[in-house]
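Participant:
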């Protein structure tokens, strides 16, 4: 069944945990309509629609998309007169009238199934209840009471004892369906009376304090469902009114003694791990009056319901509300007379009021297991749109805002004086007494403008020293803080595997471990330093995706800005020359930097002086068309070289030769002349036939050569047994081949073998699909690939082969030698136009058949497929290996000269398929002289035989003459460049991760002198310029409540990463004596831990929890959203610690004298008489601690299990 929304539109659920702009993209309705108009929708496909809400109060705007609207399961407890624990006949009649379509729209397969209604956080509760009653067949004039089904396992206070060491795996915040395990029969619409009677409030049920006004035609209530805790998937039970003598009774009224839920006491679900079996544990060891509740539980052992990614808020609130002095200040209503409504920086006391209401709900005598902070969250979002909506946020950022908001709301200074802080005196900047006096001036000026309970407890000062590198000026200032941020002594490094494709040699991997703030240029310099002759300015770095170039990396970007993900395939290509078409600094966009939308410069541009051109490989697709394969390559061309087809072709062959183990450049070199006899296609003489046969087999070993060949030799097959068994990373035997070109390969008169010129691939060109650099998902326009040779209009073009004399007149590569003009058509006809890598006649090599699509391996690296597709059958000769036994095709010296002259002319018809693309398309000629231009790609359309011949070899097969691919599309199976420095660095990092770091290390790291970056330069008022000054930050004064922020997240809000390392921090006795600059007389600077804010997981998918010591019983508790359980002190050392809360050790309460007196009174309340009159008075009256009513208008009385 497909559920439908309240507007009767199909509801398509999203997979939980998806991230906007990463896993999906939200489009406006008009834009989505355009996309559908272009591409259409598949038959039966439904579009995914979501509602946008403004979570800020107008005129402010903060638009948030409700990606996961609540799906509410509806069950009913019917009127007793209508049931035998089954639906009544009347109800069945109603159900039977419902169409099957209506049932499916509510997630039902039969009328007896539970109903599923798609709601919205902003749907009015009154409208929702009308829909629910109508769907359940309940007349609207019949009143109902609403209940929420809970998970029975979250019902205890004490966690089971577990001696196992806890690890930093993220606890589950909440289940997307909190009630799915409530009862085995929860799929039925009717909840039987017998079952309902056995359910206990706080264990199985939670009362929703919402009145049924569906029969009131004049009702105009506007409360939304989220105000009643219905903001995520859950099961709602509708209990029908039974009437009775008093009129209006409900069967659950008998449960009322167990129901202590008013609007103030939000939630009724004690929380713990499964199986404790207790909902009311006996009091702890400290049982002072007022510290325990009537049900025996310790005050404050209450979780906070997750309202949708609000764990960041819940964890911070659990920590800060554990500050006894601040909690008592609010619980005793001392904040009310100090609310400052005149402060333009404040919020008219709203934040203070909501925080007070939150504490009242948590510490009330009748508080349940969890409290729903709906009103607090709503006010928070209105005052700071950053925290509106339901996205995950930073707990430290929220805490800083909360402390600052409480301070401004409660600032005792209503008229702030204007005071200017003085500059440090150059003459006394090194005088300690003068610095103390300067610091006191800063502190006094700050106190004259800022005085609140937040300042009393959380305010300290930094001493900030700046040193100008130009004029040596030293500036000292003092800055207030409410929490101390500590750097972790862990280098923030970028770790990735990058494949380096050298100009000469097989590709090889680099394991990169470099600072994340390093630039792309610095990374290139690091790679170039490990290769002789390489330089960073000749390296071209790209991301390869699906055999194409997805992204080009610009030198000035940092690695953090580059956004390289773990599974991205990064390639660095070494170019022959320094390219002039390096992209200019890209402009910033909403989604980062982009070099896609660039104008493509013309060939007259300076960028065309020597430009890098990408080379893509294609092969025939299995059914039709072409598909890209392998990874791209790059060649560099000058403006003049771009006019020469032969130069382009030779550079392509040079690049291709580096990624195949077959030495094609020397194997088919026909320029190696012998002293006598005719020269064969293999460069040997006809006179030595047997030697030629033996020489046709390529050795995998490299030996020096005197013939101008590099790294490749031709050997007798008898020497094969001497070949090394050494296997390189690419799988071929022997040392990696560099396959350098024969001498004079790039000489204009060098004769290029027809096998290389004609039988490997067709050379095409295509324009970039996006911008000037052939980047993006498509890289090049595949539907507009044209043959490169045909694009340049030659001076003359003849349909038939004419005499070499007339052909020579049309060359653009220079005139041919005089003797070449004597060659006849017969010479050319004798040569023919179909040479092949396979030398010899069909009779000698076996019948040559045409390869089918099925013969193509799916991937050149897939040797199993290669073998199955191109494996030689017994008794059948390998047509892709060189002729082993047949007589080689030979050419006379005169014939060779004729062929050479003909290949020098760009207007010849002697290339592959008459220089026509394998696509069969003729490309119209234009008047431009360039075969390839800026903003274009070279596209090689390979023949299946050539792919198999160069890349389809199997090194495990004896006598295999086919080559193998020396590279990899994703860097797998390639060797790594040895890096002893990196190995040592990894060992140190592993040791640190294993042993962790101490809080002392973090303090020492944060106090180090640092040089400011260029982006964060300091203005020197002596130089009158911005300078990259040296900065030293130290703690000058320290507050009574010390909050330590471990800076695990680096970078800015766009590019952030997390440092996951265990920080060993003291629980008792953190000595700050030597860490502060100014010590006050009579104060002891020992601090004890009382709360920890934990962050588990990474960015975007993390979860916050809290560990806090309850100031009533002195015990530690674990707060995981709505769940609360007692833990031992041994569990307080958390590997996921993010914020540490310490309090100064003292034998009396902290803060100023009036605050100390207030806390003392709270700790020692007046003794009540035997009748309990004093305690009863505490419970009486609105607004008193534990009172039955609340100023939380419309807030939920319940909560949802947060698993």
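Residue numbers (the UniProt record's numbering): 1 to 1203. Beta carbons: idealized from backbone N, C-alpha and C, even for Gly.
Residues in the same chain with beta-carbon distance under 6 angstroms from residue 1206, minus the five sequence neighbours each way, listed in chain order, please.
Facilitator: Residue coverage of the chain in this structure runs from 1 to 1203, which leaves residue 1206 outside it and unanswerable.
Participant: Is it buried or exposed for residue 996, if we count other Cβ within 10 angstroms and need 16 for buried?
Facilitator: As a position in the chain shown, residue 996 is number 996, starting the count at 1. Per the 10 Å Cβ criterion, exposed.
Participant: Find out if the Cβ-Cβ distance for the pair residue 656, residue 635 is shorter than 8 angstroms.
Facilitator: Position 656 of the chain shown, counted from the start, is the residue given in the question as residue 656. Position 635 of the chain shown, counted from the start, is the residue given in the question as residue 635. No, these two residues do not count as a Cβ contact at 8 angstroms.
Participant: Taking Cβ to Cβ, would you say residue 610 is nearer than 8 angstroms to residue 568?
Facilitator: As a working note, residue 610 is residue 610 in the chain shown. As a working note, residue 568 is residue 568 in the chain shown. No. Outside cutoff.
Participant: May I have the straight-line CA-CA distance separating residue 1278 from residue 471, to the nearest angstrom?
Facilitator: Because the chain in this structure spans residues 1 to 1203, residue 1278 falls outside the shown range and cannot be described.
Participant: Please return the same chain residues whose Cβ sits closer than 6 angstroms to the Cβ of residue 662, not counting the five positions on each side in sequence.
Facilitator: By 1-based counting over the chain shown, the position of residue 662 is 662. These residues qualify, in order along the chain: 950, 963.
Participant: For residue 301, which option in 1117, 1131, 194, 1134 has the closest C-alpha, if you only look at C-alpha atoms?
Facilitator: Counting from 1 along the chain shown, the entry for residue 301 is found at position 301. Residue 301 has its Cα closest to that of 1117, out of 1117, 1131, 194, 1134.
Participant: For residue 1008, is the classification buried or exposed, using 16 other Cβ atoms within 10 angstroms of its Cβ as the cut-off for buried?
Facilitator: The count along the chain shown starts at 1 and reaches residue 1008 at position 1008. When all chains shown are included, residue 1008 counts as exposed.
Participant: Does the structure place the segment 464–481 close enough to the segment 1022–1031 that three or more beta carbon pairs sit under 8 angstroms?
Facilitator: They touch, by the three-pair rule.
Participant: For residue 733 and residue 668, what's the separation of their Cα atoms in angstroms?
Facilitator: Residue mapping note: residue 733 aligns to position 733 of the chain shown, counting from 1. Residue mapping note: residue 668 aligns to position 668 of the chain shown, counting from 1. Low per-residue confidence applies at residue 733: pLDDT is 35, beneath 50, and the placement is therefore not dependable, though the value from the model is reported in the following sentence. Going by the C-alpha atoms only, they are around 21 angstroms apart.
Participant: Comparing C-alpha positions only, which one of 1002, 1010, 1037, 1097 sits nearest to residue 1064?
Facilitator: Counting from one through the chain shown, the residue named residue 1064 turns up at place 1064. Looking at the Cα atoms, 1002 is the closest of the given residues.
Participant: For residue 541, which beta-bridge partners are listed by DSSP?
Facilitator: The residue you call residue 541 lines up with position 541 of the chain shown. Beta-bridge pairing links residue 541 to 572.
Participant: Given a threshold of 16 other Cβ atoms within 10 Å of its Cβ, counted over all protein chains shown, does residue 878 qualify as buried or as exposed?
Facilitator: Walking along the chain shown from the start, residue 878 turns up at place 878. Any reading at residue 878 needs caution, since the residue's pLDDT is 40, under 50, leaving its predicted position unreliable; the model's value is listed next. So residue 878 ends up on the buried side.
Participant: Taking the runs of the alpha helix (DSSP H) that are 4 residues or longer, which of them lie wholly in the segment 961–1044?
Facilitator: Those alpha helix (DSSP H) runs which fall completely within the segment 961–1044 and span 4+ residues are 980–995, 999–1006.
Participant: Any idea if residue 977 is buried or exposed, counting beta-carbon neighbours within 10 angstroms, 16 or more meaning buried?
Facilitator: Taking the chain shown and counting its residues from 1, one reaches residue 977 at position 977. So residue 977 counts as exposed.
Participant: Assuming residue 222 contacts residue 307 under a Cβ cut-off of 8 angstroms, what Cβ separation, rounded to an integer in Å, is found between them?
Facilitator: Against the chain shown, residue 222 aligns to sequence position 222. Against the chain shown, residue 307 aligns to sequence position 307. Not confirmed; about 19 angstroms, so no contact.
Participant: Answer yes or no: do residue 4 and residue 240 have a C-beta to C-beta separation smaller than 8 angstroms?
Facilitator: For the purposes of this step, residue 4 is taken as residue 4 along the chain shown, with counting starting at 1. For the purposes of this step, residue 240 is taken as residue 240 along the chain shown, with counting starting at 1. Their beta carbons are not under 8 angstroms apart, which means residue 4 does not touch residue 240 by this criterion.
Participant: Ends of the beta strand (DSSP E) at residue 1080?
Facilitator: Counting from 1 along the chain shown, the entry for residue 1080 is found at position 1080. Premise fails: residue 1080 is in no beta strand (DSSP E) and is neither H nor E.
Participant: By how many angstroms is the C-alpha of residue 1146 removed from the C-alpha of residue 1040?
Facilitator: Residue mapping note: residue 1040 aligns to position 1040 of the chain shown, counting from 1. Residue mapping note: residue 1146 aligns to position 1146 of the chain shown, counting from 1. The alpha-carbon atoms of residue 1040 and residue 1146 are separated by roughly 10 angstroms.
Participant: Using the C-alpha atoms, what's the distance from residue 768 back to residue 1046?
Facilitator: To locate residue 1046, count along the chain shown from 1; it is residue 1046. To locate residue 768, count along the chain shown from 1; it is residue 768. If you take the alpha carbons of residue 1046 and residue 768, they lie about 47 angstroms apart.
Participant: If you reduce the DSSP assignment to three classes, tell me which class residue 531 lands in.
Facilitator: Within the chain shown, numbered from 1, the residue matching residue 531 stands at position 531. Here residue 531 sits in coil by DSSP.
Participant: Let's test the definition: count the other Cβ atoms within 10 Å of the Cβ of residue 448 and tell me whether it reaches 16, buried, or not, exposed.
Facilitator: The residue given as residue 448 occupies position 448 in the chain shown. Flag for residue 448 reads exposed.
Participant: Measure the alpha-carbon distance for residue 933 versus residue 1097 and round it to whole angstroms.
Facilitator: Here residue 933 refers to the residue found at position 933 of the chain shown. Here residue 1097 refers to the residue found at position 1097 of the chain shown. If I take the Cα positions, the gap works out to 48 angstroms.
Participant: Classify residue 945 as buried or exposed, calling it buried when 16 or more other Cβ atoms lie within 10 Å of its own Cβ.
Facilitator: By 1-based counting over the chain shown, the position of residue 945 is 945. Residue 945 comes out buried.
Participant: So what does residue 333 bridge to, in DSSP terms?
Facilitator: What you label residue 333 is simply residue 333 of the chain shown in a count that begins at 1. Looking at the DSSP assignment, residue 333 forms no beta bridge with any residue, so it has no partner.
Participant: Under three-state DSSP, which class holds residue 619?
Facilitator: Taking the first residue of the chain shown as 1, we reach residue 619 at position 619. It is a strand residue.
Participant: Measuring alpha carbon to alpha carbon, tell me which of 784, 411, 640 ends up nearest residue 625.
Facilitator: Numbered from 1 along the chain shown, position 625 holds the residue referred to as residue 625. Nearest option by C-alpha distance: 784.
Participant: Quick one: any contact between the segment 552–563 and the segment 508–526, if contact means 3 or more CB pairs under 8 angstroms?
Facilitator: Segments in contact, yes.
Participant: Just curious, the beta strand (DSSP E) that residue 1124 is in, first and last residue?
Facilitator: Position 1124 of the chain shown, counting from 1, holds the residue named residue 1124. Unbroken beta strand (DSSP E) run through residue 1124: 1123–1127.
Participant: Let me know the secondary structure DSSP gives residue 1120 once reduced to three states.
Facilitator: Mapped onto the chain shown, residue 1120 falls at position 1120. If DSSP states are grouped into helix, strand and coil, residue 1120 belongs with the strands.
Participant: Residue 275 to residue 298, Cα distance in whole Å?
Facilitator: Numbered from 1 along the chain shown, position 275 holds the residue referred to as residue 275. Numbered from 1 along the chain shown, position 298 holds the residue referred to as residue 298. For residue 275, the pLDDT reaches just 32, beneath the cut-off of 50, and the residue's location in the model is therefore unreliable, leaving the point undetermined.
Participant: Whole angstroms are fine: how far does the CA of residue 1127 sit from the CA of residue 1114?
Facilitator: Within the chain shown, numbered from 1, the residue matching residue 1114 stands at position 1114. Within the chain shown, numbered from 1, the residue matching residue 1127 stands at position 1127. Roughly 12 angstroms separates the two Cα atoms.
Participant: Tell me the DSSP bridge mates of residue 1204?
Facilitator: The structure shown does not extend to residue 1204, since the chain is modelled only from 1 through 1203, so no value can be given for it.
Participant: Using 8 angstroms as the cut-off, can you tell me whether the segment 386–406 makes contact with the segment 472–483, which would need three or more C-beta pairs spanning the two stretches below that distance?
Facilitator: Flag = yes, the segment 386–406 and the segment 472–483 touch.
Participant: Find the nearest neighbour of residue 351 within the set 332, 145, 383, 331, judged by alpha-carbon distance.
Facilitator: On the chain shown, position 351 is the one that residue 351 refers to. It is 383.
Participant: If you check the beta carbons only, do residue 766 and residue 548 fall under 8 angstroms apart?
Facilitator: Taking the chain shown and counting its residues from 1, the one referred to as residue 766 is at position 766. Taking the chain shown and counting its residues from 1, the one referred to as residue 548 is at position 548. Against a cut-off of 8 angstroms, the Cβ pair of residue 548 and residue 766 comes out as no contact.
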